[in-house]
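So for the sequence shown, our numbering puts the first residue at 91; every next one is plus one.
Heads up, the beta-carbon is just placed ideally off N, CA and C, and yes, glycines get one too.
Heads up, the thing below is written out as structure tokens.
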Amino acid sequence: MPVAPSDRRLYPWAAQASLTPLTVTGARGSWFFDAEGNRHLDLGGQLAYMNVGHGHPKVVEAIQRQAGELAVIGPNFANRPAARLAEMLAEVTPGDLNRTFFTNGGAEAIEYCIRIARQATGRQKIVTRYQSYHGSTLGAVSATGENRRFYSEPGAVGFVKTLDPYRYRCQFCGDRDRCTLACANAVEQTVYGEGPENVAAVIVEPVTGLSGLQPPPEGYLRCLRELCDRHGILLVFDEVITGFCRTGAWFAGQLYDVTPDLMAVAKGLTSGYVPLGASIVSDRVAAYFDHHYLGAGLTYAAHPLACAAGCATLEVYIEEDLAARAAETGRRLQERLSELAARHICVGEARGVGLLGCLELVKDRTTREPLSPQRTEGPLSPEMAEVRKAVLARRAWPLFRWNLIILAPPLNISDEELDEGLAAVEAGLEAGDRALA
């Protein structure tokens, strides 16, 4: 793969000597193009953020126009794109999530949800889950449960982990025909163990993101909402991946009829065109800061160029009805993934919601031994490496993590493009089957 000459970058989450990154020179719709003129299908939406597709003319034009009018202004001034975007967010978010603190990305959105929760409650402890990733800034990576936090430990203080709902590998009721919600009770027991009066917030991804893509069992999020309400704890949803129509609803929490007190968003807020995140706060929590100092700030908060991109992106969601489209195309994706799972012995489970899909690959369906080790950033197993190689040979790029293939394509991907991408994934599964034969 051609690499940019004299590349002096340090690339994230990688040993540098082993890298041969593809040089990308352009992109349009569901495709990106390399320096040799080859096109590649963006099945992973880069890092699950390319919701409106590459090069959408409405978003591009909005950025260009704003750059000519007001490219940047300090966060202590009001600017029209930020005011308009905050108003647009209040219109599409559930419940009374009507106040917005703008950040530069998802990790910072989590950081400021943590800070706001601690200031508003006067409590310090934050409960999160082991199978989670919330970002790589200090607070966000300390909230993270999976192995990417290991590189930043000991990390920040005040973070407590609990076990997740993971039906395929359930540690509570996996031997039973149906979920008993013991996973929700585990959160409650963790809260009681730490003292409810000490817990400021419980932070969860309503659908676990790139750490496994597990939808919650029915009733799980309601149990968390009731637990938090009983003890004056704030419920925070990390919707950085699941937000903005990705799951077939504006926000994943709406699928389960549960509204948090705070919500972290990013990725789909601008579809990555300009970095932007937001900590969205309920009226009740925001009211605390009417007469208490908000000890939070960022140099580029409410950046007008980024907010203009956000306004245009939200307009695309509305005008093209991408929530409905993601729901419809998502049903087809989930059906096709289930069919692939039935056909290939290397697939242990297909799961997902909307246009978020996951295949968990195993060496043996009975023992469920992962095809490649989980919770490690070491190299893929030889079998999983063959799967990846076969998919990329078809110039399709889903996300590969551990023993997982994760799909998060643009929400406006065509049926024909999705078929082409799934054919590439099946080529990878065939390679996995051969490796196990």
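Quiz prompt | DSSP bridge partner residues for D328 (one or two, in chain order) | solution = According to DSSP, which records beta bridges pairwise, D328 is partnered with A354.
Quiz item: Do you know how far the Cα of A513 is from the Cα of D523?
Solution: Their backbone Cα atoms lie some 15 Å apart in a straight line.
Quiz item: By DSSP, does H321 sit in helix, in strand, or in coil?
Solution: Three-state result, H321: helix.
Quiz item: Can A354 and V371 be called in contact, C-beta distance under 8 Å?
Solution: The beta carbons of A354 and V371 sit no closer together than 8 Å.
Practice problem: Label S232 either buried or exposed according to how many other C-beta atoms from any shown protein chain fall within 10 Å of its C-beta, with 16 as the threshold for buried. | Solution: Buried is the call here.
Exercise. Compute the beta-carbon to beta-carbon distance between N41 and L451, rounded to the nearest angstrom, for a pair I have assumed lies under 8 Å.
Key: This structure cannot speak to residue 41, because the chain is shown only from 91 to 527.
Quiz prompt | Per-residue burial, A432 [other beta carbons within 10 Å of its own, 16 or more giving buried] | solution = Residue burial is scored here from C-beta neighbours: A432 has fewer than 16 other C-beta atoms within 10 angstroms and is therefore classed as exposed.
Quiz item: Looking at K215 and V406, is the spacing between their C-beta atoms short of 8 Å?
Solution: Not closer than 8 Å, so no.
Quiz item: Taking buried to mean at least 16 other C-beta atoms within 10 Å of its own C-beta, is A173 buried or exposed?
Solution: By the neighbour-count rule (16 or more Cβ atoms within 10 Å), A173 is not buried but exposed.
Quiz prompt | E467 versus Y220 - alpha carbon distance | solution = Going by the C-alpha atoms only, they are around 16 Å apart.
Quiz prompt | Integer Cβ distance of Q304 from R257, believed to fall under 8 Å | solution = A Cβ-Cβ separation of about 7 Å places Q304 in contact with R257 under the 8 Å criterion.
Quiz prompt | Straight-line Cα distance separating A475 from N128 | solution = Each residue's alpha carbon lies about 22 Å from the other.
Practice problem: Following the continuous alpha helix (DSSP H) through I216, name the residue where it begins and the one where it ends. | Solution: Looking at the DSSP string, I216 is not in any alpha helix (DSSP H); the run it does join, the beta strand (DSSP E), is K215 to R219.
Practice problem: Enumerate, from N- to C-terminal direction, the unbroken beta strand (DSSP E) stretches of 3 or more residues contained entirely within the region 356-431. | Solution: Runs of the beta strand (DSSP E) inside the region 356-431: 367-372.
Quiz item: Just curious, the alpha helix (DSSP H) that I496 is in, first and last residue?
Solution: Here I496 belongs to no alpha helix (DSSP H); instead the beta strand (DSSP E) covers L494 to L497.
Self-check item: Within 8 Å, strictly: CB atoms of P488 and S120
Solution: No; because the gap between Cβ atoms is not below 8 Å, this pair is not in contact.
Exercise. Compare the Cα-Cα distances from L404 to each of L137, L131, T110 and T183 and report the closest residue.
Key: The candidate whose alpha carbon is nearest that of L404 is T183.
Quiz item: Rounded to a whole number of angstroms, what is the C-alpha to C-alpha distance between A105 and N188?
Solution: In this structure, the alpha-carbon of A105 lies about 42 Å from that of N188.
Practice problem: Could you tell me how far apart the beta carbons of L179 and R485 are, in whole angstroms, since I believe they sit closer than 8 Å? | Solution: L179 to R485, Cβ: 36 Å. No contact.
Quiz item: Taking the runs of the beta strand (DSSP E) that are 3 residues or longer, which of them lie wholly in the region 236-286?
Solution: The region 236-286 contains these whole beta strand (DSSP E) runs: 249-252.
Practice problem: Starting from the C-beta of P286, find all residues in its chain whose C-beta is less than 6 Å away, skip the five residues before and the five after it, and write them out in chain order. | Solution: Excluding residues within five positions, the ones whose Cβ falls inside 6 Å are H321.
Quiz item: Relative to the alpha-carbon of V443, which residue among C260, R426, C436 and E459 has its alpha-carbon at the smallest distance?
Solution: Cα-wise, what sits closest to V443 is R426.
Practice problem: Note the first and the last residue of the continuous alpha helix (DSSP H) segment covering V150. | Solution: Element bounds for V150: P147 to E159.
Exercise. Using alpha carbons as the reference points, say which of E284, N288, G235 and L324 lies closest to L300.
Key: Here the closest residue by C-alpha is G235.
Practice problem: Decide if the region 134-142 is in contact with the region 357-377; the criterion is three or more beta carbon pairs, one per stretch, under 8 Å apart. | Solution: Under the 8 Å Cβ criterion, the region 134-142 counts as touching the region 357-377, having at least three qualifying pairs.
Exercise. Just mark E308 as buried or exposed, buried being the case when its beta carbon has 16 or more other beta carbons within 10 Å.
Key: Counting every other CB atom within 10 Å of its CB across the protein chains shown gives E308 a total below 16, marking it as exposed.
Quiz item: Does the Cβ-Cβ distance between A368 and T190 come in under 8 Å?
Solution: Cβ atoms of A368 and T190: closer than 8 Å.
Practice problem: For L430, I'd like the list of residues in its chain whose CB is within less than 8 Å of its CB, leaving aside the five on either flank, ordered along the chain. | Solution: Counting only residues of its own chain and dropping the five nearest sequence neighbours on each side, L430 has a CB closer than 8 Å to the CB of V437, A440, L449, L512, V515, E516 and L519.
Quiz prompt | Member of D509, R205 and A342 whose CA lies at the smallest distance from the CA of F379 | solution = When only C-alpha atoms are compared, the closest one is R205.
Practice problem: Can you check the region 105-129 for any alpha helix (DSSP H) of at least 4 residues that lies completely inside it and give the ranges in chain order? | Solution: As far as the region 105-129 is concerned, it has no whole alpha helix (DSSP H) run of at least 4 residues.
Practice problem: State buried or exposed for T193, treating a residue as buried only when at least 16 other CB atoms are found within 10 Å of its CB. | Solution: So T193 ends up on the buried side.
Quiz item: Quick one: what does DSSP say E467 is sitting in, helix, strand or coil?
Solution: Coil, per DSSP.
Self-check item: Burial state of T337, where buried means 16 or more other Cβ atoms lie within 10 Å
Solution: Buried, since its Cβ has 16 or more Cβ neighbours within 10 Å.
Quiz prompt | Three-way DSSP call (helix, strand, coil) for P460 in this model | solution = Reduced to three states, the DSSP call for P460 is strand.
Quiz item: Which stretch, first to last residue, makes up the beta strand (DSSP E) that contains E308?
Solution: Run containing E308: none; DSSP gives neither H nor E here.
Quiz item: So is K479 buried or exposed if we call it buried at 16+ other beta carbons inside 10 Å?
Solution: K479 comes out exposed.
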